[in-house]
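Engineer:
Residue numbers (the numbering used here), protein chains in the order written: chain X, 26 to 386; chain D, 282 to 667.
(1) Just grab the DSSP bridge partners of residue 603 of chain D for me.
(2) Helix, strand or coil: how does DSSP classify residue 666 of chain D here?
(3) Any Cβ of chain D within less than 8 Å of the Cβ of residue 96 of chain X?
(4) Measure the beta-carbon distance from residue 377 of chain X to residue 199 of chain X and round it to whole angstroms, keeping in mind my assumption that it falls under 8 Å.
(5) Could you tell me which uninterrupted beta strand (DSSP E) segments, each at least 3 residues in length, are contained entirely in the segment 133-167 of chain X, listed from first to last along the chain?
(6) Going by Cα to Cα distance, which pick from X/48, X/352, X/39 is closest to residue 485 of chain D?
(7) Is any beta-carbon of chain D found at less than 8 Å from that of residue 67 of chain X?
(8) Return the chain-ordered list of same chain residues with a C-beta closer than 6 Å to the C-beta of residue 289 of chain D, the five sequence neighbours on each side being excluded.
(9) Scan the segment 476-493 of chain D for residues whose Cβ lies nearer than 8 Å to a Cβ of chain X and list them as they occur along the chain.
(10) DSSP has residue 456 of chain D in a bridge; who is on the other side?
(11) Under three-state DSSP, which class holds residue 308 of chain D?
(12) Give the straight-line distance between the Cα atoms of residue 396 of chain D and residue 642 of chain D, rounded to the nearest whole angstrom.
(13) Any idea what DSSP makes of residue 316 of chain D, helix, strand or coil?
(14) Under 8 Å between C-beta atoms, does residue 110 of chain X make it to chain D?
(15) Assign residue 80 of chain X to buried or exposed, taking buried as 16 or more other Cβ atoms, counted over all protein chains shown, within 10 Å of its Cβ.
(16) Give the interface partners of residue 328 of chain D over in chain X, defined as CB-CB distance under 9 Å, in chain order.
(17) Cα separation between residue 188 of chain X and residue 434 of chain D?
(18) Specify the secondary structure class of residue 648 of chain D as computed by DSSP and reduced to three states.
(19) Contact defined as beta carbons within less than 8 Å: I believe residue 654 of chain D pairs with residue 409 of chain D. What is the distance between those atoms, to the nearest angstrom?
(20) Does the CB of residue 260 of chain X have a neighbour CB from chain D at under 8 Å?
(21) Quick check on the DSSP output: the beta strand (DSSP E) that includes residue 336 of chain D runs from which residue to which?
(22) Just to confirm my understanding: we take residue 40 of chain X, look at its own chain, exclude 5 residues before and 5 after, and list those with CB closer than 7 Å. What are they?
(23) Report the CB separation of residue 305 of chain X from residue 385 of chain X in whole angstroms; it is logged as a contact under 8 Å.
(24) Against residue 560 of chain D, what residues of chain X qualify as contacts under a CB-to-CB distance less than 8 Å, listed in chain order?
(25) For residue 155 of chain X and residue 126 of chain X, which I take to be in contact (beta-carbon distance under 8 Å), what is that distance rounded to the nearest angstrom?
(26) According to DSSP, is residue 470 of chain D helix, strand or coil?
(27) Since I believe residue 632 of chain D is in contact with residue 671 of chain D (beta carbons under 8 Å), could you give me their beta-carbon distance rounded to a whole number of angstroms?
(28) Where does residue 627 of chain D sit, in a helix, a strand or coil, going by DSSP?
(29) Where does the unbroken alpha helix (DSSP H) through residue 393 of chain D begin, and where does it stop?
(30) According to DSSP, is residue 553 of chain D part of a helix, a strand, or is it coil?
(31) Do residue 644 of chain D and residue 331 of chain D count as a contact pair if the criterion is CB distance below 8 Å?
(32) Sort D/546, D/320, D/564 by Cα distance to residue 540 of chain D and report the nearest one.
(33) Counting Cβ pairs closer than 8 Å, one from the segment 525-543 of chain D and one from the segment 581-599 of chain D, do we hit at least three?
(34) List the endpoints of the continuous alpha helix (DSSP H) containing residue 582 of chain D.
(35) Relative to chain X, which residues along the segment 384-415 of chain D have a C-beta separation below 8 Å, given in chain order?
(36) With a cut-off of 8 Å, does the C-beta of residue 77 of chain X fall near any C-beta of chain D?
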């Protein structure tokens, strides 16, 4: 639609293709990721403040809602410092790469049945793979900073993300086994109807296997939630940026807009992983009670409702991440590895095998 | 467990014939968890610590030399600035030493008020220790919970002497002025509010599984090492030694008050680990509440300034006076040459002694554990550097 419009406007299909492609690429950034990150930072500060008997930002706007906008404006204006001994090329690429990794994941996230960046058949696989770029960015940042704290932080981060991708992948694989699809859109479509069709409650249909699946699904959910926490470096797994040990880990040396990109990537990532959890276990964009649009006979209302439900579910898990962050202490590096390799991965494997057996029933 | 890690690293690095070298990491003086301006020089083998060399002196203010140029009462405000989290205790120690040197008997009311102040200060100081320890481990919320309660204590001090941190309240022979009429009521209210809050902090942090995993069996300080190095206070008691100057060498009116000396029992790990040292402080706050309640009940009437000497000019001689500060044994060795100024004031700061064991108990643990251990020792750099 947009493409045709630009072809009419410019009379050149190449130019129209480029421009409409660019617009499509930037659309989610400006319509969702940026507003979300601003909102999430504000929410984080408010959640932490209220958990700690404080008020948090109150001065700029109603309950300080404009505070993060002001912060971002300040970060944009700041001097871009590159220290003398930094590896300039890697130092400059790293934040972009990190941000690109988490940004690209949004392409395959189904916000509603009608609003998906790209409907990939390999959606699950694509998201896990593309967020792997973040690892490269973090490692680059740590190495290029030429700072011992940054290096330690990035080394820890890489070890952590790589180890926790395995349980995440195993759980997603079990979902793929049940549903027979890797497309997040199809996965969400399968969970249509009411709350008992969600995969956390055994998936659609009323068969014996559904009830057998329920405990396994809860285990799977716990595993994937814990490992996604580790993948996005949130407490209790915020070891890469443990401020009491490593100052702030891999982004110690960054300032201004480059720092903001790491920051943005972190919050975008928080939503991305929450969205995956919501999409595979909690019905994706499906409403738990049926649609108002169907009730009143207004078809156009359904996508809006779906978008609302998906964002609400995603935000709920983001909120839980914040809740955990302000409650729990932080694990140590070796304990972190123990959690993954000695507990999560074996349990995830057993879970996978049991789910496979049930699927054969 | 961590000791084994060291061995494994060494074995693997030899067997694979990869040339590895020790990394020197400077932790501080500008670091979020060195509790002030302390620089730790860490030798690292991967993330395993092979040596810890503390570099101190960033806060040196020539306290001891400066004392020689001042008259005896003028020293009091400078003692505040040593252990700035326990200023009342510092003044108390100086007053105890000076009164021993001068042979002054102070009124009972003064002694009780001093004890109440010192114990309130102990609670305030331990609250900072607990809060920052939580923050070191990564839990930030208990930090603010602790500071809310500490703020109430600082308010009590503020209505007493107008200052929140550096009081100049306990003078040689008495107090600068009497307590505020509301003080007794407000202190009782505080203690009533504080007990449930302490329980909340315990629920949130002390018995948290991750917190236990991080602190139990980490930085074990065997009782022999502790005694050999001269460690005192909660760090010594955490290792299981029931030693408290308030009980073993009673000063002021502590002998009339009933309280327990909590010691580390190795509840979740080895006796003398970081968790034990932490938990001793939690229990001590409870004991301090008991002491304050008793002291408030027994508080006699009287004048608090009657025994303050007009001019302090002790005979030639020397004295060692010590008190149990929140961080351990705080001692003042004062030499008098018969003039109005001290010939020499030597302070035995508990944190300085405690810091020496860092190298001893950090070896073989990881970088994250250095932070844990340093936090559990609860040092104050103002006192170490003086």
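For glycine and all other residues, C-beta sits at the position ideal for the given N, C-alpha and C.
Computed from a prediction, not measured in an experiment: that's the story for all the values here.
Structural biologist: Inspection of the coordinates gives the following:
(1) By 1-based counting over the second chain, the position of residue 603 of chain D is 322. Residue 603 of chain D is bridged to D/612.
(2) What you label residue 666 of chain D is simply residue 385 of the second chain in a count that begins at 1. In the structure shown, residue 666 of chain D sits in a helix (DSSP, three-state: H, G or I).
(3) By 1-based counting over the first chain, the position of residue 96 of chain X is 71. By this cut-off, residue 96 of chain X is not an interface position.
(4) Counting from one through the first chain, the residue named residue 377 of chain X turns up at place 352. Counting from one through the first chain, the residue named residue 199 of chain X turns up at place 174. Sure, about 5 Å apart at Cβ, within 8 Å.
(5) 135-137
(6) The sequence position of residue 485 of chain D within the second chain is 204, counting from 1. Nearest C-alpha to residue 485 of chain D: X/352.
(7) As a position in the first chain, residue 67 of chain X is number 42, starting the count at 1. It does not: the Cβ of residue 67 of chain X has no partner Cβ on chain D nearer than 8 Å.
(8) Walking along the second chain from the start, residue 289 of chain D turns up at place 8. With a pLDDT of only 45 at residue 289 of chain D, under the threshold of 50, the placement of this residue in the model should not be trusted; the figure read from the coordinates follows. Excluding sequence neighbours, residue 289 of chain D sits near nothing in its chain.
(9) 485, 486, 489, 491, 492
(10) Working through the second chain from its first residue, we reach residue 456 of chain D at position 175. Residue 456 of chain D is bridged to D/451.
(11) Position 27 of the second chain, counting from 1, holds the residue named residue 308 of chain D. In the structure shown, residue 308 of chain D sits in a strand (DSSP, three-state: E or B).
(12) In the second chain, residue 396 of chain D corresponds to position 115, counting from 1. In the second chain, residue 642 of chain D corresponds to position 361, counting from 1. Computed Cα separation, rounded: 34 Å.
(13) As a first step, residue 316 of chain D is located in the second chain; it is residue number 35 there, counting from the start. Looking at residue 316 of chain D - three-state DSSP - the assignment turns out to be coil, as it is neither helix nor strand.
(14) Sequence index remark: in the first chain, residue 110 of chain X carries index 85 (1-based). No, its Cβ sits nowhere closer than 8 Å to a Cβ of chain D.
(15) For this step, residue 80 of chain X is matched to residue 55 along the first chain. Residue 80 of chain X comes out exposed.
(16) Counting from one through the second chain, the residue named residue 328 of chain D turns up at place 47. Under the 9 Å cutoff, chain X gives 177, 180, 181, 358, 359.
(17) Within the first chain, the letter at position 163 stands for residue 188 of chain X. Within the second chain, the letter at position 153 stands for residue 434 of chain D. C-alpha separation (whole angstroms): 47 Å.
(18) Stepping through the second chain from its first residue, residue 648 of chain D is reached at position 367. Three-state result, residue 648 of chain D: helix.
(19) The count along the second chain starts at 1 and reaches residue 654 of chain D at position 373. The count along the second chain starts at 1 and reaches residue 409 of chain D at position 128. With 8 Å as the limit, residue 654 of chain D and residue 409 of chain D do not qualify as a contact, their Cβ atoms being about 18 Å apart.
(20) For the purposes of this step, residue 260 of chain X is identified with residue 235 of the first chain, where counting begins at 1. Yes, its Cβ sits closer than 8 Å to a Cβ of chain D.
(21) Stepping through the second chain from its first residue, residue 336 of chain D is reached at position 55. Taken as a continuous stretch (DSSP letters only), the beta strand (DSSP E) holding residue 336 of chain D covers 329-336.
(22) Taking the first residue of the first chain as position 1, residue 40 of chain X is located at position 15. Correct list: empty, nothing qualifies.
(23) Taking the first chain and counting its residues from 1, one reaches residue 305 of chain X at position 280. Taking the first chain and counting its residues from 1, one reaches residue 385 of chain X at position 360. 21 Å between Cβ atoms; not a contact.
(24) As a first step, residue 560 of chain D is located in the second chain; it is residue number 279 there, counting from the start. Result: empty, since nearest Cβ-Cβ is about 15 Å, beyond 8 Å.
(25) Mapped onto the first chain, residue 155 of chain X falls at position 130. Mapped onto the first chain, residue 126 of chain X falls at position 101. About 6 Å separates the two Cβ atoms, so the contact holds.
(26) On the second chain, position 189 is the one that residue 470 of chain D refers to. Helix, per DSSP.
(27) Past the edges of chain D, shown from 282 to 667, lies residue 671 of chain D, and the structure says nothing about it.
(28) Within the second chain, residue 627 of chain D is the residue found at index 346, counting from 1. It is a strand residue.
(29) Here the question's residue 393 of chain D lines up with position 112 in the second chain. From DSSP, the alpha helix (DSSP H) with residue 393 of chain D extends over 389-418.
(30) By one-based count along the second chain, residue 553 of chain D stands at place 272. Reduced to three states, the DSSP call for residue 553 of chain D is coil.
(31) Here residue 331 of chain D refers to the residue found at position 50 when the second chain is read from its first residue. Here residue 644 of chain D refers to the residue found at position 363 when the second chain is read from its first residue. Against a cut-off of 8 Å, the Cβ pair of residue 644 of chain D and residue 331 of chain D comes out as a contact.
(32) Here residue 540 of chain D refers to the residue found at position 259 when the second chain is read from its first residue. Ranking the options by Cα distance to residue 540 of chain D, first place goes to D/564.
(33) no
(34) Position 301 of the second chain holds residue 582 of chain D. Neither: residue 582 of chain D is in no alpha helix (DSSP H) and is coded neither H nor E.
(35) 415
(36) As a first step, residue 77 of chain X must be located in the first chain, where it is residue number 52. It does; some Cβ of chain D falls within 8 Å.
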